[in-house]
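Enquirer: What follows is a structure written as structure tokens; I'll ask about it next.
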Amino acid sequence: AQSVTQLGSHVSVSEGALVLLRCNYSSSVPPYLFWYVQYPNQGLQLLLKYTTGATLVKGINGFEAEFKKSETSFHLTKPSAHMSDAAEYFCAVTTGEIQGAQKLVFGQGTRLTINP
Amino acid sequence: SQTIHQWPATLVQPVGSPLSLECTVEGTSNPNLYWYRQAAGRGLQLLFYSIGIGQISSEVPQNLSASRPQDRQFILSSKKLLLSDSGFYLCAWNKVSSYNSPLHFGNGTRLTVT
Chain A
1 AQSVTQLGSH VSVSEGALVL LRCNYSSSVP PYLFWYVQYP NQGLQLLLKY TTGATLVKGI
61 NGFEAEFKKS ETSFHLTKPS AHMSDAAEYF CAVTTGEIQG AQKLVFGQGT RLTINP
Chain B
1001 SQTIHQWPAT LVQPVGSPLS LECTVEGTSN PNLYWYRQAA GRGLQLLFYS IGIGQISSEV
1061 PQNLSASRPQ DRQFILSSKK LLLSDSGFYL CAWNKVSSYN SPLHFGNGTR LTVT
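In the order they appear, the protein sequences are chains A and B.
Residues 1 to 116 (this note's numbering) are what the first sequence spells out, left to right.
Residues 1001 to 1114 (this note's numbering) are what the second sequence spells out, left to right.
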């Protein structure tokens, strides 16, 4: 079975500083990996995804993530944090379809706080 | 473009009362539909998913049930709520038979059972 571990339930950075949110996964087959962002009292919005091909994936709002198979990691980064980046971030893994549906397994989430 | 609607946005219900949360998708046909629950301080837990009308798969045994009476309508129900049912419920959809199709989430329903 797949699983996701997000290291650090809370991360705090200064505005303009590097953002690094860590995600490690466990999967017995090649995974598909996703990062989602959730703003307060809202649903989740897709930031980026990795399926196959280039291991460095660029997403919306200046975020990117790198798939490292040897480290079973998919860390999310952004070079310069903005106040609007304050939100909760979820890493998720799936190994594809099961009975026609895609069953995502989510990590516990990391709450990102941006200090002015 | 596709949109997903969930209602109500917030709900406060006493223990033992029934529950009905509704989710509808517009702008697409035959979507996969999902119900997730997000408990305080925890990640998202998949409760139910559906690949078609009347086809419901349950992930976690509990006192909740789901139904899909129409192609783009997904309902989460309970006959008698428990305190442990409190949480943030999210409906989501994606395209059928697209293995890397991301999930699109509604804005959720915050349920408080008192």
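Heads up, the beta-carbon is just placed ideally off N, CA and C, and yes, glycines get one too.
The structure presented is a predicted model; accordingly, all values stated were derived computationally and were not measured.
Which chain A residues sit within Cβ distance under 7 Å of PHE1105 of chain B?
Expert: Counted from its first residue, the second sequence places residue 1105 of chain B at position 105. Within chain A, the residues near PHE1105 of chain B are GLY43, LEU44.
Enquirer: Please classify TRP1035 of chain B: is it buried, with 16 or more other beta-carbons within 10 angstroms of its beta-carbon, or exposed?
Expert: Position 35 of the second sequence, counted from the first residue, corresponds to residue 1035 of chain B. Looking at its Cβ environment, which holds 16 or more other Cβ atoms inside 10 Å, TRP1035 of chain B is buried.
Enquirer: What's the gap between the Cα of GLU1059 of chain B and the Cα of SER1101 of chain B?
Expert: As a working mapping, residue 1059 of chain B is identified with position 59 in the second sequence. As a working mapping, residue 1101 of chain B is identified with position 101 in the second sequence. Using only the alpha carbons, I get a separation of about 20 Å.
Enquirer: Hey, quick one: how far does the beta strand (DSSP E) through ASN1094 of chain B stretch, first residue to last?
Expert: The residue labelled residue 1094 of chain B in the question sits at position 94 within the second sequence. Looking at the DSSP string, the run of the beta strand (DSSP E) that includes ASN1094 of chain B is 1087-1094.
Enquirer: Chain A partners of GLN1094 of chain B, CB-CB under 9 Å?
Expert: Taking the first residue of the second sequence as 1, we reach residue 1094 of chain B at position 94. A small correction: the amino acid at residue 1094 of chain B is Asn; Gln does not occupy that position in the sequence shown. Under the 9 Å cutoff, chain A gives ALA101, GLN102.
Enquirer: Tell me the DSSP secondary structure of GLY120 of chain A in three-state form.
Expert: Residue 120 of chain A lies beyond the residue range present for chain A, which begins at 1 and ends at 116; the question has no answer from this structure.
Enquirer: CB-CB under 6 Å to LEU44 of chain A, same chain, minus the five flanking residues each way: which ones, in chain order?
Expert: Locating residue 44 of chain A in the first sequence gives position 44, counting from the first residue. Once the five neighbours on either side are set aside, the close Cβ partners of LEU44 of chain A are TYR36, GLN38.
Enquirer: With H, G and I counted as helix, E and B as strand and the rest as coil, what does DSSP make of LYS69 of chain A?
Expert: Locating residue 69 of chain A in the first sequence gives position 69, counting from the first residue. Here LYS69 of chain A carries a helix assignment [DSSP, helix/strand/coil].
Enquirer: Assuming PHE106 of chain A and GLY1054 of chain B make a contact with CB atoms under 8 Å, what is their CB distance in whole Å?
Expert: Taking the first residue of the first sequence as 1, we reach residue 106 of chain A at position 106. Taking the first residue of the second sequence as 1, we reach residue 1054 of chain B at position 54. With 8 Å as the limit, PHE106 of chain A and GLY1054 of chain B do not qualify as a contact, their Cβ atoms being about 27 Å apart.
Enquirer: Take LEU1076 of chain B as the anchor and find which of B:ILE1004, B:PRO1018, B:PRO1014 has the nearest alpha-carbon.
Expert: For the purposes of this step, residue 1076 of chain B is identified with residue 76 of the second sequence, where counting begins at 1. Closest by C-alpha distance to LEU1076 of chain B, out of B:ILE1004, B:PRO1018, B:PRO1014, is B:PRO1018.
Enquirer: Who pairs with GLN1062 of chain B in a beta bridge, going by DSSP?
Expert: Looking up residue 1062 of chain B in the second sequence gives position 62. GLN1062 of chain B is not bridged to any residue.
Enquirer: Do LYS1095 of chain B and the ligand NAP come close, with the Cβ less than 8 Å from some heavy atom?
Expert: With respect to small molecules bound, the structure shown includes none, and the ligand NAP cannot be examined in it.
Enquirer: For the region 1021-1034 of chain B and the region 1079-1088 of chain B, state whether three or more C-beta atom pairs, one from each stretch, are separated by less than 8 Å.
Expert: Touching, no.
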